[in-house]
Amino acid sequence: MPISEQAKSVRPDLVLYKEDVEHGLGEVGKHDLSGIGKKEVVETQLHSPKVLKDMFLRAAAKVSDDEDFVRKFKTVCFNQTCFRMSISVLDCPKGIVNRMNTTEEYQIAKGCFIFFVRYYPDYKIDVTEGRDDS
Numbered sequence: 073m074p075i076s077e078q079a080k081s082v083r084p085d086l087v088l089y090k091e092d093v094e095h096g097l098g099e100v101g102k103h104d105l106s107g108i109g110k111k112e113v114v115e116t117q118l119h120s121p122k123v124l125k126d127m128f129l130r131a132a133a134k135v136s137d138d139e140d141f142v143r144k145f146k147t148v149c150f151n152q153t154c155f156r157m158s159i160s161v162l163d164c165p166k167g168i169v170n171r172m173n174t175t176e177e178y179q180i181a182k183g184c185f186i187f188f189v190r191y192y193p194d195y196k197i198d199v200t201e202g203r204d205d206s
């Protein structure tokens, strides 16, 4: 069943489409004072992989399980919880068994000033108000 038709509680926060084919999803969570919470574990370790596989199978079915397509097609998931982010990619390079690779966890800058200083060191930045150096 396409994601748009699923119950709201099982739909991801973001769905990426291209030419009526679902290519990926995104899940966003808020800060959890206790560290990694139940919601984060459920979404990143259980829910997202299942939805990625469902997307993959629907896309393969649209092309009648064409082997060349299946070997090249990938679905992607962006998981962000507070200031932490990881990316997962599901593919099927051998045409038989799906494989999921997840990046290391990245830290997201807490303010625009830190972001620009870190990633654009050659730019001069003039921040007059709302500066967040944390």
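In terms of our numbering, the sequence shown opens at residue 73 and continues consecutively.
From the three backbone atoms N, C-alpha and C, an ideal C-beta is built for every residue, glycine too.
Check: Would you list the residues sitting across from ASP163 in a DSSP beta bridge?; Outcome: LYS146 and ARG171
Check: Could you check how far apart the C-beta atoms of VAL179 and VAL100 are, in whole angstroms? I think they sit under 8 Å.; Outcome: The question names Val, but residue 179 is Gln in the sequence shown. The pair is not a contact, with the Cβ atoms about 16 Å apart (cut-off 8 Å).
Check: Please work out which residues of its chain come closer than 7 Å, Cβ to Cβ, to GLY96, disregarding the five sequence neighbours upstream and downstream, and give them in chain order.; Outcome: LEU88, THR147, VAL148 and CYS149
Check: Work out the CA separation of LEU162 and MET172 for me, nearest whole Å.; Outcome: 4 Å
Check: In or out: PRO165 buried (at least 16 other Cβ within 10 Å) or exposed?; Outcome: exposed
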